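The structure under discussion appears below in the form of structure tokens.
Numbering (full-length UniProt numbering), first residue to last: 1 to 129.
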């Protein structure tokens with residue numbers, strides 16, 4: 001492991017460049033070249049993080065997670081899945097529905113918009129007389 005902070009930084013920069021090259025030229029994000037470059041980038045960052053902390057007692061603001069930590073949430077279908085259930089957010093106000101004020105108690109809402117069907121209203125009113 002490189003203990004020189006500058007050497008660790010140079011290795012990290014090189015890993016970023018390799019990853020960028022692989023990612024921008026691959027047709028498939030799961031291509032072996034992309035995955036290998038991603039692993040090397042993660043390794044280079046981990047080493048850099050360790051060297052900076054060991055030499056200067058400074059923590060970098062990023063964390064590297066291995067692919068195994070993702071498996072806990074993986075149900076073999078990653079198509080748009082979230083780590084939390086987004087359906088929970090549409091039910092946030094269900095408990096207070098009874099206290100909601102109903103400003104319009106009319107069963108028939110057709111007459112609530114004057115002017116839209118005035119001709120029909122006049123015709124039906126005239127036939128009742």
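A virtual CB, placed ideally from N, CA and C, is assigned to each residue, including glycine.
Given the structure is predicted, the values throughout are model-derived calculations rather than measurements.
Own chain, CB closer than 8 Å to residue i, minus 5 neighbours either side, in chain order
i: residue 14; result: 44
i: residue 21; result: 37
i: residue 58; result: 52
i: residue 3; result: 51, 54 and 55
Nonlocal neighbours in the same chain, by C-beta distance under 7 Å from residue i, ignoring five residues either side
i: residue 38; result: 19
i: residue 17; result: none
i: residue 60; result: 49 and 52
i: residue 46; result: 64
i: residue 24; result: none
i: residue 156; result: In the structure displayed, the chain extends from 1 to 129; residue 156 sits before or after that span and is not available.
Exposure label - residue i; buried when at least 16 CB within 10 Å
i: residue 48; result: buried
i: residue 11; result: buried
i: residue 34; result: buried
Of the residues the options, the one placed nearest residue i, counting alpha carbons only
i: residue 41; options: 58, 8 and 57; result: 8
Exercise for the section: Examine the Cβ distances between the segment 19–33 and the segment 51–65 and report whether three or more of them are shorter than 8 Å. Expected result: Contact between the segment 19–33 and the segment 51–65 is not established, with fewer than three Cβ pairs separated by less than 8 Å.
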